[in-house]
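A.B. asks:
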């Protein structure tokens, strides 16, 4: 084998750039770009995933999605998760702010609040099935607090099911937002706080005029990611309810249409719609963040 | 007056922290209680009641054996190890050439990886599934491994950030000694990147350990179950034995808990770094 060091640095450079990027690029093309391309292609067919020939049907799949209420209804479910994200970020920001100042047992609180984010999604699904069962944790706690009248069949009542599932989702992801905010807040120099204290600023002033402006970018990013996150919800409702009782999300439906009912063409069109929304949101985010600068 | 107001504020601060902590812990703790109860005890007591015998591990052994959790852990470990080793290697290689060499197309390459992360993985599953099928990888461990292996931009960013802090004069002095670029990468850069590698390992490891979607879709064969899919199988058949399901949940959670306690410092850094960028 010829030794690499015998080559001139110029040739080595070319070789190493080629070799080091080969595997990543091949993987990138195979598992990121090819699927997108294929997905567009499938979305114009009535392919079932098995037959040899794909029949081209134009925009029929898209028509189905936008005209049949059962396909469009899932977006209403997304609204629950979308609003839940605001609750989640509000809580995360609150806890991040108070824990970035002096607090007893700071590290314990940080650890406890962050830990749920690291847990297995399936485990979280089960934990909340147990939590929301008719004789489960939540109803027992309500009983203990003397709030028996508030007890509910949380997952059987179509009006409450999505609120309950969105709550589980807040529980799961709050810690993630929390830790990101905490990191951002801790990068603010302590001299700024000190200066503001000399000027007579209280905690609220500091939050309003120092913390919020310095983490604005991350705040915006998170807010807009909330949209695509809300549409991409899958694990918690799938594990907990399988999408029954009006809790089906867009992704659950896509998976069902594709793999349960073998309508790959239609499922691909649904995925294209989902991708379209995410791209739209991303562009929006770019524009908004640029304007801020 | 001032102190009263101050004390009140401190009281609410701690009250909210305690409530938040309880909210985070109670759902898990009650599952832990239930996992230690016998079937009769479970049926007759509420979720908040402490178990009679704190050392009743019968549910754990039942869940471990019936759920074939050992197999789940084995498969998970294999997949995690190979994916992480590969992702670290390819990620650091990409970062090395992008950070150290200015070449035509380097911006485009970076852009291509960046753009790919904007495509949410769930949207393209239907088409990815066909590719995996065409490669004859369906129902093999290679399906998830290849998908996790794909270099993600977050890892590349983390590595590049670290590379910026490694002085280029190190490279140059090695070149004076006649070291090849490979030697520089392998002997100098990679060892110096180890803090970044720990970060990438943690972030990727947590994601892979917790992923349900990919193994569920691409490896339905029961001999290939991972921790997530093994746990999912408890749904249905164990509907009347929640104490066993609870033990299974704890079995899946305990490794995370241990890792968290042991690596807390790195984990905070890892997530803050990985997400903010």
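Residue numbers (our numbering), protein chains in the order written: chain H, 41 to 333; chain E, 401 to 677.
Built from N, CA and C at the ideal position, the CB exists for glycine as well.
Tell me whether the beta-carbon of residue 272 (chain H) lies closer than 7 angstroms to the beta-carbon of residue 82 (chain H).
C.D. replies: The sequence position of residue 272 (chain H) within the first chain is 232, counting from 1. The sequence position of residue 82 (chain H) within the first chain is 42, counting from 1. Contact flag unset, no.
A.B. asks: Assuming contact is defined by CB atoms lying nearer than 7 angstroms, are residue 167 (chain H) and residue 644 (chain E) in contact in what I supplied?
C.D. replies: Indexing the first chain from 1 puts residue 167 (chain H) at position 127. Indexing the second chain from 1 puts residue 644 (chain E) at position 244. Their beta carbons are not under 7 angstroms apart, which means residue 167 (chain H) does not touch residue 644 (chain E) by this criterion.
A.B. asks: Please work out which residues of its chain come closer than 7 angstroms, Cβ to Cβ, to residue 128 (chain H), disregarding the five sequence neighbours upstream and downstream, and give them in chain order.
C.D. replies: One-based indexing of the first chain puts residue 128 (chain H) at position 88. Hits under 7 angstroms: 210, 213, 214 and 217.
A.B. asks: Compare the beta carbon distance of residue 162 (chain H) and residue 289 (chain H) with 7 angstroms and say whether it is the shorter of the two.
C.D. replies: Taking the first chain and counting its residues from 1, the one referred to as residue 162 (chain H) is at position 122. Taking the first chain and counting its residues from 1, the one referred to as residue 289 (chain H) is at position 249. Not in contact: residue 162 (chain H) and residue 289 (chain H) (Cβ atoms no closer than 7 angstroms).
A.B. asks: With a cut-off of 8 angstroms on the beta carbons, I'd call residue 439 (chain E) and residue 641 (chain E) a contact; round off their distance for me.
C.D. replies: The count along the second chain starts at 1 and reaches residue 439 (chain E) at position 39. The count along the second chain starts at 1 and reaches residue 641 (chain E) at position 241. Rounded, the Cβ-Cβ distance is 7 angstroms, consistent with contact.
A.B. asks: Please state if the CB of residue 154 (chain H) and the CB of residue 270 (chain H) are separated by a distance shorter than 7 angstroms.
C.D. replies: The residue labelled residue 270 (chain H) in the question sits at position 230 within the first chain. The residue labelled residue 154 (chain H) in the question sits at position 114 within the first chain. Cβ distance not < 7 angstroms, so residue 270 (chain H) and residue 154 (chain H) don't count as in contact.
A.B. asks: Can residue 315 (chain H) and residue 523 (chain E) be called in contact, C-beta distance under 7 angstroms?
C.D. replies: Position 275 of the first chain, counted from the start, is the residue given in the question as residue 315 (chain H). Position 123 of the second chain, counted from the start, is the residue given in the question as residue 523 (chain E). Yes, these two residues count as a Cβ contact at 7 angstroms.
A.B. asks: Please state the DSSP three-state secondary structure of residue 301 (chain H).
C.D. replies: For this step, residue 301 (chain H) is matched to residue 261 along the first chain. DSSP places residue 301 (chain H) in coil when its eight states are reduced to three.
A.B. asks: May I ask you to report which of helix, strand or coil DSSP gives residue 121 (chain H)?
C.D. replies: As a working note, residue 121 (chain H) is residue 81 in the first chain. Residue 121 (chain H): helix per DSSP, three-state reduction.
A.B. asks: Using the Cβ count rule (16 or more neighbours within 10 Å means buried), how would you classify residue 665 (chain E)?
C.D. replies: By 1-based counting over the second chain, the position of residue 665 (chain E) is 265. Under this definition residue 665 (chain E) is an exposed residue.
A.B. asks: Could you check if residue 443 (chain E) is buried or exposed, using at least 16 other CB atoms within 10 Å of its CB as the buried criterion?
C.D. replies: Here residue 443 (chain E) refers to the residue found at position 43 of the second chain. Result: exposed.
A.B. asks: Are the CB atoms of residue 451 (chain E) and residue 436 (chain E) within a distance shorter than 7 angstroms?
C.D. replies: Along the second chain, read from residue 1 onward, the residue named residue 436 (chain E) stands at position 36. Along the second chain, read from residue 1 onward, the residue named residue 451 (chain E) stands at position 51. Cβ distance < 7 angstroms, so residue 436 (chain E) and residue 451 (chain E) count as in contact.
A.B. asks: What would DSSP say about residue 638 (chain E), mapped onto helix, strand or coil?
C.D. replies: Numbered from 1 along the second chain, position 238 holds the residue referred to as residue 638 (chain E). Coil.
A.B. asks: So residue 451 (chain E) contacts chain H; which residues on that side make the cut at Cβ distance below 8 angstroms?
C.D. replies: Taking the second chain and counting its residues from 1, one reaches residue 451 (chain E) at position 51. The contacting residues do not exist; residue 451 (chain E) stays about 15 angstroms from chain H at best.
A.B. asks: With respect to the alpha helix (DSSP H) encompassing residue 110 (chain H), which residues constitute its N-terminal and C-terminal limits?
C.D. replies: Sequence index remark: in the first chain, residue 110 (chain H) carries index 70 (1-based). 109–112 is the span of the alpha helix (DSSP H), which, as asked, contains residue 110 (chain H).
A.B. asks: Using a beta-carbon distance below 7 angstroms, is residue 605 (chain E) in contact with chain H?
C.D. replies: Here residue 605 (chain E) corresponds to residue number 205 of the second chain, with the count starting at 1. So, not an interface residue.
A.B. asks: On the three-state DSSP scale, how would you describe residue 445 (chain E)?
C.D. replies: As a working note, residue 445 (chain E) is residue 45 in the second chain. Residue 445 (chain E): coil per DSSP, three-state reduction.
A.B. asks: For residue 96 (chain H), which residues does DSSP report across the bridge?
C.D. replies: Numbered from its first residue, the first chain carries residue 96 (chain H) at position 56. H:85.
A.B. asks: With 16 other CB atoms within 10 Å as the buried threshold, where does residue 517 (chain E) fall?
C.D. replies: For the purposes of this step, residue 517 (chain E) is identified with residue 117 of the second chain, where counting begins at 1. Exposed, because fewer than 16 other Cβ atoms sit within 10 Å of the Cβ of residue 517 (chain E).
A.B. asks: Just checking: is the beta-carbon of residue 41 (chain H) within a distance shorter than 7 angstroms of some beta-carbon in chain E?
C.D. replies: Counted from its first residue, the first chain places residue 41 (chain H) at position 1. Reliability fails at residue 41 (chain H), whose pLDDT of 47 lies under 50, so the model's placement of it is uncertain and the value that follows must be treated cautiously. Answer no: the Cβ-Cβ gap between residue 41 (chain H) and chain E never drops below 7 angstroms.
A.B. asks: Considering only residues of the same chain and omitting the five flanking positions on each side of residue 623 (chain E), which have a CB-CB separation below 8 angstroms?
C.D. replies: Within the second chain, numbered from 1, the residue matching residue 623 (chain E) stands at position 223. Within the same chain, residue 623 (chain E) has close Cβ partners 471.
A.B. asks: Given a cut-off of 7 angstroms on the beta-carbon distance, is the pair residue 152 (chain H) and residue 499 (chain E) in contact?
C.D. replies: Position 112 of the first chain, counting from 1, holds the residue named residue 152 (chain H). Position 99 of the second chain, counting from 1, holds the residue named residue 499 (chain E). In this structure, residue 499 (chain E) does not lie closer than 7 angstroms to residue 152 (chain H) by Cβ.
A.B. asks: Along the chain, where does the alpha helix (DSSP H) that runs through residue 223 (chain H) open and close?
C.D. replies: Counting from 1 along the first chain, the entry for residue 223 (chain H) is found at position 183. Note, residue 223 (chain H): alpha helix (DSSP H), 201–226.
A.B. asks: Is residue 301 (chain H) near residue 292 (chain H), with beta carbons less than 7 angstroms apart?
C.D. replies: The residue given as residue 301 (chain H) occupies position 261 in the first chain. The residue given as residue 292 (chain H) occupies position 252 in the first chain. No, Cβ-Cβ distance for residue 301 (chain H) and residue 292 (chain H) is not below 7 angstroms.
A.B. asks: Compile a chain-ordered list of the residues in the region 123–140 of chain H whose CB is closer than 7 angstroms to at least one CB of chain E.
C.D. replies: So the close ones are 135 and 138.
A.B. asks: Mind checking which residues open and close the alpha helix (DSSP H) that includes residue 527 (chain E)?
C.D. replies: In the second chain, counting from the first residue as 1, residue 527 (chain E) sits at position 127. Its alpha helix (DSSP H) spans residues 525–534.
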